[in-house]
Amino acid sequence: MSVWRSVLSASFACVLGLASSGAAAQSAAPFPSRPVTLIVPFGAGGSTDITARALGDAVGKLLGQRVIVENRPGGSGATAIASFRLRPSDGHTVLIMGSTQIANQYMNEVSYNVQRDFRPIAIHMFYNAGLVVRADAPWKTFQELVAYAKANPGKLTYSSAAAGTPQHLVMERLAAEQGLDLTFVPYGDGMKAVLAVMGGHVTASSQVTEWKPLVLNGDLRLLVTYGTKRMAQFPDVPTLMELGYGISTLGFNSLVVAKDTPQDVFEKLEKAFQTVLQDPNSDFAKLVVKYDLLPETMNAPEAAAYFLALDEQVRKVLGASRPKN
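Heads up, the sequence shown is in the working numbering, so the first residue is 5 and it goes up one at a time.
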């Protein structure tokens, strides 16, 4: 009996040893140990989704694991953030987050705090945007539209996709600084916001480039754009900066992970994403140009500083003292 007991004890110890070493090997497995999920806060088929898939494919090859795009539209990004925060903070889930999610903290009851909960890997693109009116509208320049707004308080209505977007905030800032009484009409969708101008439901639309085909075919007139330089396809249209308003604001998309993601994992992700972002010949870079987006290679420290600056700007424009959560 004692012999068998000794044999069984030795065998049991061996099994425990193997199990223990297997668990240690699993916990110490190099990142990534499984496919990486890239959560997109918009539906499939849009420019953010399509460019994210190209970016994910390229990054996956560098990481040695697939990057799977998961679409979580709804709630101005709240649905995507809620799903993201349920995942482990191990770097295997990356979230695309935009400027709207920063603004939402000051307008709605949200479950997150950008500075507390997220760490940006990079800002990888900006969106061109501008203000359009109908082609038969009497205003040929942005200055003429501003003069009309000053002379007719409350009569100028403008649309945008949603409250808190850079396209909304730029108009609120202009209204505050120029003493304008404007009426904002959110439509919940960028194309609907633009079509509202076509239908005569609003005076103007402050929106990203959903208006481009309608401007090109002569249905709408682009009065001004919001970037630091003129859009290549509309070289005759000035920027707000050129007109002396001192404002440059564009929506952006960033890549973030949970704040407590391990440093070595974070560095590996940043290196992989930056490698792709800095390649002008990548499929991602080509798609960015195709969709009239602006490629960006802002690294982690630069992105974190940009987040802080935008946070302060949003506080000032919305007159808020702190996030609502």
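Built from N, CA and C at the ideal position, the CB exists for glycine as well.
- Of the other Cβ atoms in all chains shown, 16 or more fall within 10 Å of the Cβ of residue 194; this residue is therefore buried.
- Within its own chain, the residues whose Cβ lies closer than 8 Å to the Cβ of residue 125, once the five positions on either side in sequence are excluded, are 98, 258, 259, 260, 261, 270, 273, 274, 277, 304 and 307, listed in chain order.
- For residue 194, the uninterrupted alpha helix (DSSP H) segment begins and ends at 194 to 202.
- Every alpha helix (DSSP H) stretch that sits fully inside the segment 111 to 151 and reaches 4 residues is listed by chain position as 118 to 121.
- Taking C-alpha positions only, residue 36 is separated from residue 300 by approximately 25 Å.
- When DSSP states are grouped into helix, strand and coil, residue 285 belongs to the coil group.
- For residue 299, the enclosing beta strand (DSSP E) begins and ends at 297 to 302.
- If you ignore the 5 residues before and after residue 50, its C-beta comes within less than 8 Å of no other C-beta in its own chain.
- At a cut-off of 3 residues, the continuous stretches assigned as beta strand (DSSP E) that sit fully inside the segment 216 to 241 are 224 to 229.
- Cβ neighbours of residue 74 within its own chain (closer than 6 Å, five residues either side excluded): 41 and 43.
- Residue 75 is bridged by DSSP to 44.
- For residue 188, the uninterrupted beta strand (DSSP E) segment begins and ends at 187 to 190.
- Around residue 84, the same chain offers 43, 45 and 76 as residues with beta carbons nearer than 6 Å, after the five sequence neighbours per side are excluded.
- Contact between residue 117 and residue 105 does not hold, since the beta-carbon distance rounds to 11 Å and is not under 8 Å.
- Pairwise C-beta distances place the segment 49 to 67 out of contact with the segment 222 to 231, as fewer than three of them are shorter than 8 Å.
- Contact annotation: the segment 181 to 195 does not touch the segment 231 to 239, with fewer than three C-beta pairs closer than 8 Å.
- The straight-line gap separating the alpha-carbon atoms of residue 249 and residue 197 is approximately 24 Å.
- Buried is the label assigned to residue 171, since at least 16 other Cβ atoms lie within 10 Å of its Cβ.
- At least 7 Å separates the beta-carbon of residue 102 from that of residue 204.
- If you look at residue 175, you'll find it in the alpha helix (DSSP H) that goes 170 to 182.
- Going by DSSP, residue 105 is part of the alpha helix (DSSP H) stretching over 103 to 108.
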